[in-house]
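Keeping their order, the protein sequence lines are chains A and B.
For the first sequence, the working numbering gives the first residue as 33, with consecutive numbering after it.
For the second sequence, the working numbering gives the first residue as 1447, with consecutive numbering after it.
C-beta atoms are modelled at their ideal positions from N, C-alpha and C, and glycine is treated no differently.
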Amino acid sequence: MADRPEARELLGVAREALLALIGDVEPRHHYTLRMVANAIAIAGRELVPAANALPDTALMQRVVDCDAADTVAQQALHRELVAVTRARLAISNPKFPDSR
Amino acid sequence: MSAVGGAQVGARGQGSAAARWGSAAFAARLAATTGASRATIARCEQLAGGAIQQNFRLDVDLVGGPWASQRQLVLRTGAASKVAASRPCNEEYALLAAAHAAGVATPQPIALHPGDAQWPAFMLMTFVAGEASGRRLTRNAGDHSRLVEAIGANLARLQAIRAPPPSLAFLGAPPARPTRTLVDGYRASIAQWQAKTGDARPVLAWTLRWLDARVPAREACVLVHRDYRVGNLMIDADRLLATLDWEFAGWGNPLEDLGWFCAPCWRFTRPDREAGGLAAIDHLLRGYNAVAGTAYQPQGLCFWQVLAQLRWAVIALQQALRFLDAGERSLELALTGRMLPELEWQMLALTGDTLG
């Protein structure tokens, strides 16, 4: 499962935010802003939906089923959750794990 | 939450909002609200932050009435963006007034307008000049241990309001198990997210399980601020001047506020300084314990830091859902949803330390 809002949704709202500014920007910059908005729209259309999909449903079930008294299993599950979260951060904020 | 700064998409109206609150028409309302015979507004400027509430600085000249003089005030009113748990203006004003009366560092409450057909509800308080930006405050590398002690002592004074005045009757009776109520509420919010988006969050499920096993069976219940952190404290030259943003206050375990202050998500540029990015936890607890008469230790805060992380994650999900499900086209709401992996990373770090 991709983090929501996913890439195309973010690009869509970012494009809207950009276009909302046009009225406040000098007319000589309008053409450039519209080109940027157009580029965002094209990039959004080219994105494969759920490109950062991760198999979270199965992992969710393992969290629910994991024996709280089994320390070894808990540690293994924790390592897996760390790996999944690191993969998500690689998309949303790659520098975050090393900055903490 | 004011930490989630930014503007609504397409909301070009900050200038016009300031113009409205600075207008001659509003000056008449201001005079009536403050008991003045006449009010003149020399300046009206929207203050930074305030994703949930809007704050405006008003430089006014009040003639007659209890507040007659030239004054710098803050007008606080609702913004377009809302969080489900935020209190209405009249309740926030009553909480501010109670805290002020109890000796908590706050702006002085001036007046409340309950709202009518012409003007929405707003509250007025004194303007306090200082720094409230968590990013800027934590970037200062100096020794903030005395400041953090004062922050702890200030929190203890707030939490000492055990028998609230009648003005706080809207709080209802203190619950027997406030933390269990919170955790169950977060679980329901996460389930709602998954039901609406299909997005399973195994780290949140892990964290809920971790908290479930540790929720206190018996606990004290006091008045908590519920957003007590750097960013909601006005500070000048390492002096605590005022506690801001009372819209989430209510009954809770006293450690909830301490955990929120020390949560990794509120350390801004200094994750190594556990107490709000400013100093070590020991300094916060030294100030708190001295006033409250408690003996809390840093290791006792882990549960409350994890709870704080989960709470922030739930708020982020709720904001994202407004974008995804309720059709609010806000870049701020959309990006708040994408903070989840960062919050989850910090939850895993905290809970991982307890696995042995």
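Contacts of residue i in chain A (Cβ-Cβ under 7 Å)
i, result
"glutamate 1790 of chain B", "Thr117"
"alanine 1563 of chain B", "Result: empty, since nearest Cβ-Cβ is about 30 Å, beyond 7 Å."
"alanine 1754 of chain B", "Near alanine 1754 of chain B there are no residues of chain A at all, since even the closest Cβ is about 15 Å away, more than 7 Å."
"tryptophan 1652 of chain B", "Val95, Leu113"
"leucine 1801 of chain B", "Thr103, Gln106, Gln107, His110"
"arginine 1582 of chain B", "Correct list: empty, because the minimum Cβ distance to chain A is about 18 Å."
"arginine 1732 of chain B", "What arginine 1732 of chain B touches in chain A: nothing, since even the nearest Cβ is about 26 Å away."
Residue nearest to residue i in terms of C-alpha spacing, selected from the options
i, options, result
"arginine 132 of chain A", "B/Gly1802, B/Leu1801, B/Leu1789", "B/Leu1789"
"threonine 1552 of chain B", "B/Arg1592, B/Arg1603, B/Ser1532", "B/Arg1603"
"valine 1798 of chain B", "A/Arg120, A/Val114, A/Pro129, A/Ala119", "Per the sequence shown, residue 1798 of chain B should be read as glycine rather than valine. Here the closest residue by C-alpha is A/Val114."
"threonine 1627 of chain B", "B/Trp1639, B/Pro1512, B/Asp1673, B/Leu1657", "B/Leu1657"
"proline 1560 of chain B", "B/Val1661, B/Ala1478, B/Leu1601", "B/Ala1478"
"leucine 1558 of chain B", "B/Phe1769, B/Glu1537, B/Ala1688", "B/Glu1537"
"aspartate 1645 of chain B", "B/Leu1796, B/Gly1783, B/Gly1802", "B/Gly1783"
"glutamate 38 of chain A", "B/Glu1720, B/Trp1513, B/Leu1781, B/Met1793", "B/Leu1781"
"glycine 1576 of chain B", "B/Val1737, B/Arg1685, B/Leu1476", "B/Arg1685"
"aspartate 35 of chain A", "A/Asp130, A/Ala122, A/Phe128, A/Lys127", "A/Ala122"
"asparagine 1735 of chain B", "B/Val1574, B/Asn1586, B/Asn1600, B/Ile1487", "B/Asn1600"
"serine 1532 of chain B", "B/Val1760, B/Asp1691, B/Ala1563", "B/Asp1691"
"valine 1737 of chain B", "B/Ala1609, B/Gly1549, B/Gln1792", "B/Gly1549"
"threonine 1480 of chain B", "B/Cys1490, B/Ser1462, B/Glu1491, B/Thr1572", "B/Thr1572"
"proline 1555 of chain B", "B/Trp1565, B/Asp1562, B/Tyr1539, B/Ala1563", "B/Tyr1539"
"proline 1662 of chain B", "B/Arg1623, B/Gln1638, B/Phe1694, B/Trp1652", "B/Arg1623"
"valine 1649 of chain B", "B/Asp1728, B/Ile1597, B/Val1760, B/Pro1611", "B/Val1760"
"leucine 1541 of chain B", "B/Asp1718, B/Leu1786, B/Phe1694, B/Ala1488", "B/Phe1694"
"proline 1620 of chain B", "B/Glu1595, B/Ala1666, B/Ile1597", "B/Ala1666"
"proline 126 of chain A", "B/Ala1609, B/Gly1598, B/Met1785, B/Asn1586", "B/Met1785"
"leucine 1583 of chain B", "B/Arg1716, B/Arg1660, B/Ala1606", "B/Arg1716"
"glutamine 1640 of chain B", "B/Asp1507, B/Phe1502, B/Arg1719, B/Ala1766", "B/Ala1766"
"glycine 1746 of chain B", "B/Leu1796, B/Ala1606, B/Arg1768", "B/Leu1796"
"alanine 90 of chain A", "B/Arg1713, B/Glu1778, B/Ala1762, B/Arg1647", "B/Arg1647"
"phenylalanine 128 of chain A", "B/Thr1800, B/Leu1794, B/Ala1485, B/Pro1787", "B/Pro1787"
"alanine 1651 of chain B", "B/Leu1794, B/Thr1486, B/Asp1505, B/Arg1768", "B/Leu1794"
"isoleucine 1607 of chain B", "B/Thr1653, B/Ala1547, B/Arg1585", "B/Ala1547"
Contact list for residue i against chain B, beta-carbon separation under 8 Å
i, result
"leucine 121 of chain A", "Pro1787, Glu1788, Trp1791"
"aspartate 88 of chain A", "Asp1645, Ala1646, Arg1647, Pro1648"
"arginine 132 of chain A", "Pro1710, Pro1717, Trp1791, Gln1792, Ala1795"
Chain A residues whose Cβ lies nearer than 8 Å to that of residue i
i, result
"alanine 1766 of chain B", "Arg36, Pro37"
"alanine 1464 of chain B", "None at all; the shortest Cβ gap to chain A is about 16 Å."
"glycine 1798 of chain B", "His110, Val114"
"arginine 1626 of chain B", "None at all; the shortest Cβ gap to chain A is about 18 Å."
"arginine 1633 of chain B", "Neighbours of arginine 1633 of chain B on chain A: none; closest Cβ ~12 Å, over 8 Å."
"arginine 1475 of chain B", "Within 8 Å Cβ-Cβ: nothing; arginine 1475 of chain B doesn't reach chain A, min ~29 Å."
"arginine 1484 of chain B", "Going along chain A, no residue has its Cβ under 8 Å from arginine 1484 of chain B, so there is no contact; the nearest lies around 36 Å."
Beta bridge counterpart(s) of residue i as assigned by DSSP
i, result
"methionine 1569 of chain B", "B/Arg1522, B/Leu1558"
"serine 1515 of chain B", "B/Leu1508"
"alanine 1542 of chain B", "The displayed chain sequence assigns leucine, not alanine, to residue 1542 of chain B. Paired residue(s): none; leucine 1542 of chain B is not in a bridge."
"glutamine 1500 of chain B", "B/Thr1523"
"alanine 1688 of chain B", "B/Met1680"
"glutamate 1577 of chain B", "B/Ile1681"
"proline 1697 of chain B", "This sequence places tryptophan at residue 1697 of chain B; proline is not what is there. In the DSSP output, where bridge partners are listed per residue, tryptophan 1697 of chain B has B/Leu1669."
"glutamine 1492 of chain B", "B/Phe1502"
"arginine 1484 of chain B", "B/Val1509"
"alanine 1721 of chain B", "B/Ala1725"
Cross-chain neighbours of residue i in chain B, by beta carbon under 7 Å
i, result
"valine 41 of chain A", "Valine is not the amino acid found at residue 41 of chain A; the sequence shown has glutamate there. Neighbours of glutamate 41 of chain A on chain B, chain order: Ala1780."
"proline 129 of chain A", "Trp1791"
"asparagine 91 of chain A", "Reading off the sequence shown, one finds leucine at residue 91 of chain A, where the question assumed asparagine. Those are Pro1648, listed as they occur along chain B."
Where residue i meets chain A, residues with beta-carbon distance less than 9 Å
i, result
"arginine 1675 of chain B", "Within chain A, no residue comes near arginine 1675 of chain B; the closest Cβ sits about 18 Å away, beyond 9 Å."
"arginine 1533 of chain B", "The premise fails here: arginine 1533 of chain B is roughly 28 Å from chain A at the closest Cβ pair, so nothing lies under 9 Å."
Cβ contact check for the segment 1737-1748 of chain B and the segment 1768-1781 of chain B: 3 or more pairs under 8 Å: No: the two stretches stay apart, fewer than three of their Cβ pairs being nearer than 8 Å.
Validate contact between the segment 1721-1737 of chain B and the segment 1589-1607 of chain B using beta carbons, cut 8 Å, 3 pairs: Yes, since at least three Cβ pairs between the segment 1721-1737 of chain B and the segment 1589-1607 of chain B fall closer than 8 Å, the two stretches touch.
Selection of the segment 1767-1782 of chain B by Cβ proximity to chain A, strictly under 8 Å: Under the 8 Å Cβ criterion, the segment 1767-1782 of chain B contributes Phe1769, Leu1770, Arg1775, Ser1776, Leu1777, Ala1780, Leu1781.
Selection of the segment 1655-1673 of chain B by Cβ proximity to chain A, strictly under 8 Å: Of all residues in the segment 1655-1673 of chain B, only Arg1655, Ala1659 place a beta-carbon less than 8 Å from a beta-carbon of chain A.
Contact the segment 1467-1484 of chain B vs the segment 115-125 of chain A: 3+ CB pairs below 8 Å: Taking a cut-off of 8 Å on C-beta distances, the segment 1467-1484 of chain B does not touch the segment 115-125 of chain A, as fewer than three cross pairs fall below it.
Three CB pairs or more closer than 8 Å across the segment 1694-1708 of chain B and the segment 1667-1684 of chain B: A contact between stretches requires three or more CB pairs, one per stretch, nearer than 8 Å, and the segment 1694-1708 of chain B meets this requirement with the segment 1667-1684 of chain B.
Stretch-stretch touch, CB-based, cutoff 8 Å, three pairs: the segment 1694-1704 of chain B with the segment 1745-1761 of chain B: Contact holds: three or more Cβ-Cβ distances are below 8 Å.
Near-chain A residues of the segment 1584-1611 of chain B - C-beta to any C-beta below 7 Å: Within the segment 1584-1611 of chain B, no residue qualifies.
The segment 1629-1638 of chain B contacting the segment 1675-1695 of chain B, beta-carbon criterion three pairs below 8 Å: The segment 1629-1638 of chain B is not in contact with the segment 1675-1695 of chain B.
Proximal residues, the segment 63-74 of chain A versus chain B, C-beta separation under 7 Å: Look at the segment 63-74 of chain A: it has no residue with a C-beta under 7 Å from a C-beta of chain B.
Cβ-based contacts, 9 Å cut-off: residues of the segment 44-59 of chain A near chain B: Cβ contacts with chain B come from Gly44, Val45, Ala46, Glu48, Ala49, Leu51, Ala52, Leu53, Gly55, Asp56.
Stretch-stretch touch, CB-based, cutoff 8 Å, three pairs: the segment 1602-1620 of chain B with the segment 53-60 of chain A: They do not touch, by the three-pair rule.
Cβ contact check for the segment 61-74 of chain A and the segment 97-104 of chain A: 3 or more pairs under 8 Å: Flag = no, the segment 61-74 of chain A and the segment 97-104 of chain A do not touch.
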